[in-house]
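Position 42 of the sequence shown, counted from 1, bears residue number 42 in UniProt numbering, the numbering being contiguous throughout.
To start, the structure under review is shown below, and the notes come after it.
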Amino acid sequence: MFTILHGDDEGKIAQARATVIETAKKNGREVVRLDGKKLTQAELETAIGTDLLFAPEKTVIIEGFLSSVKSRKKDELVTWLQKNTPSSIDVIFAETKVLTATQLKAITSPHSTPSSERRGGEEVKIQLFKYPQILFSFLEQIGVVPLALTYEQFHHILEREEAPLIFAMIVRQVRQLLQLKSDGTFVGAPFMRGKLEKQAKVFTLEKLLKLHEQLLLIDEQVKTSGSPLTLTQQLDLWLAQV
Numbered sequence: 001m002f003t004i005l006h007g008d009d010e011g012k013i014a015q016a017r018a019t020v021i022e023t024a025k026k027n028g029r030e031v032v033r034l035d036g037k038k039l040t041q042a043e044l045e046t047a048i049g050t051d052l053l054f055a056p057e058k059t060v061i062i063e064g065f066l067s068s069v070k071s072r073k074k075d076e077l078v079t080w081l082q083k084n085t086p087s088s089i090d091v092i093f094a095e096t097k098v099l100t101a102t103q104l105k106a107i108t109s110p111h112s113t114p115s116s117e118r119r120g121g122e123e124v125k126i127q128l129f130k131y132p133q134i135l136f137s138f139l140e141q142i143g144v145v146p147l148a149l150t151y152e153q154f155h156h157i158l159e160r161e162e163a164p165l166i167f168a169m170i171v172r173q174v175r176q177l178l179q180l181k182s183d184g185t186f187v188g189a190p191f192m193r194g195k196l197e198k199q200a201k202v203f204t205l206e207k208l209l210k211l212h213e214q215l216l217l218i219d220e221q222v223k224t225s226g227s228p229l230t231l232t233q234q235l236d237l238w239l240a241q242v
């Protein structure tokens with residue numbers, strides 16, 4: 001069976017992958033992990049094997065393969081997998097990006113390899129792990145909307161996500177704003193840059209540097225238990241200073 005774990009929530013994908021590994025080991029299955037970005041047919045043949053009749057029970061995890069750049073070599077590896085994966089082997093594709101319909105189709109389409117030639121992977125299970133949209137809305141509106149609304153969004157997200165994740169995303173957002181404000185650079189889609197530019201206009205460079213410094217202090221206090229406040233309480237105070 002083929003399983004695809006994909007999405008932008010790297011934490012939950014890591015948890016799902018860990019669960020797969022733990023379950024496989026409990027069931028006495030060998031676990032093999034492969035780097036999909038550097039994958040070769042020789043590595044696949046070693047991991048999957050070539051004996052369809054007497055293949056051992058095994059779980060093969062391939063990371064970053066489906067989201068890698070499209071190429072003839074990649075197509076050939078997909079075809080090889082579909083033709084040569086025995087039913088005793090589970091192949092898990094772990095991707096820390098939301099795959100496009102085209103990328104998913106490479107594995108899920110029954111037309112990519114004739115059914116008469118397919119040996120394994122007839123069943124494809126897809127699991128999507130995405131951050132809730134309200135999280136991105138919250139990040140994009142920090143400093144833009146009234147504080148009361150920011151607090152409301154923050155605590156609503158806390159009902160679904162852990163404070164450390166939200167903290168990490170806030171740090172990421174502030175760093176992107178800092179980079180854009182300081183040298184005008186941003187790596188990402190044009191529409192994302194547009195949103196970031198709009199938010200950046202609310203802040204001076206000095207303000208962003210101060211906010212970033214405060215986030216670093218919070219991070220240090222969390223790691224060293226240097227504050228009597230919880231991370232949530234510290235973020236409440238940080239938001240009040242934005």
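Heads up, the beta-carbon is just placed ideally off N, CA and C, and yes, glycines get one too.
Same chain, Cβ closer than 7 Å to residue i, five either side skipped, listed in chain order
i: Val222; result: Leu231
i: Glu117; result: Model confidence at Glu117 stands at a pLDDT of 44, short of 50, so the residue's coordinates are unreliable; what they give is reported in the following sentence. So the qualifying residues of the chain are Lys83.
i: Glu140; result: Lys195 and Gln199
Neighbourhood of residue i by C-beta, 6 Å cutoff - its chain only, sequence neighbours within 5 removed
i: Lys37; result: Gly64 and Ser68
i: Ala106; result: Val78
i: Thr150; result: Leu239
i: Gln133; result: none
i: Ser109; result: none
i: Gln179; result: Thr185
i: Val20; result: Ile92
i: Glu30; result: Lys58
i: Ala24; result: Val31 and Thr59
Rounded distance between the beta-carbons of residue j and residue i, thought under 8 Å
i: residue 281; j: Ile142; result: Because the chain in this structure spans residues 1 to 242, residue 281 falls outside the shown range and cannot be described.
i: Leu158; j: Lys181; result: Actually they are not in contact, since the Cβ atoms of Leu158 and Lys181 sit about 28 Å apart, beyond 8 Å.
i: Val60; j: Leu99; result: Wrong, their Cβ atoms sit about 18 Å apart, outside the cutoff.
i: Val174; j: Ile4; result: Contact doesn't hold; Cβ gap of about 33 Å is too wide.
i: residue 262; j: Val171; result: For residue 262 there is no data in the structure shown, the boundaries of the chain being 1 and 242.
i: Ala14; j: Val32; result: 18 Å between Cβ atoms; not a contact.
i: Gly11; j: Leu165; result: 6 Å
Residues of its chain near residue i, where Cβ-Cβ distance is below 8 Å and the 5 sequence neighbours each way are ignored
i: Gly226; result: Glu220
i: Gly121; result: Residue confidence is low: Gly121 scores 44 on pLDDT, short of 50, so the model does not pin down where it sits. No coordinate-derived value is stated.
i: Gln233; result: none
i: Leu237; result: Leu229
i: Arg193; result: Leu180 and Phe186
i: Ala163; result: Thr230, Leu231, Thr232 and Leu235
Buried versus exposed call for residue i [16 or more other C-beta atoms within 10 Å across all chains shown]
i: His155; result: exposed
i: Asp90; result: buried
i: Asn27; result: exposed
i: Pro146; result: exposed
i: Pro56; result: exposed
i: Asp9; result: buried
i: Val187; result: exposed
i: Phe138; result: buried
i: Leu44; result: buried
i: residue 243; result: The question about residue 243 has no answer here: the residues shown for the chain are numbered 1 through 242.
i: Leu235; result: buried
i: Phe167; result: buried
i: Gln176; result: buried
i: Leu205; result: exposed
i: Arg160; result: exposed
i: Gln127; result: exposed
i: Phe129; result: buried
i: Phe191; result: exposed
Reference residue i; option with closest CA among the options
i: Leu104; options: Thr224, Leu229, Arg33 and His6; result: His6
i: Glu76; options: Val144, Gln179 and Gln41; result: Gln41
i: Lys73; options: Leu39, Ile170, Leu135 and Tyr131; result: Leu39
i: Leu66; options: Ser87, Lys97 and Ser88; result: Lys97
i: Lys70; options: Gln153, Ala24, Pro190 and Thr102; result: Thr102
i: Ile62; options: Arg17, Lys25, Glu22 and Ser87; result: Arg17
i: Met169; options: Ala189, Glu152 and Tyr131; result: Tyr131
Ordered list of beta strand (DSSP E) runs contained in the stretch 128-160, each at least 3 residues | none
Write down every uninterrupted run of the alpha helix (DSSP H) in the stretch 180-204 whose length is 4 residues or greater and which is fully enclosed by it, in chain order.
-> 190-200
Which ranges would you report for the alpha helix (DSSP H) in the stretch 48-111 if only whole runs of at least 4 residues count?
-> 72-84 and 101-108
Write down every uninterrupted run of the alpha helix (DSSP H) in the stretch 206-242 whose length is 4 residues or greater and which is fully enclosed by it, in chain order.
-> 231-240
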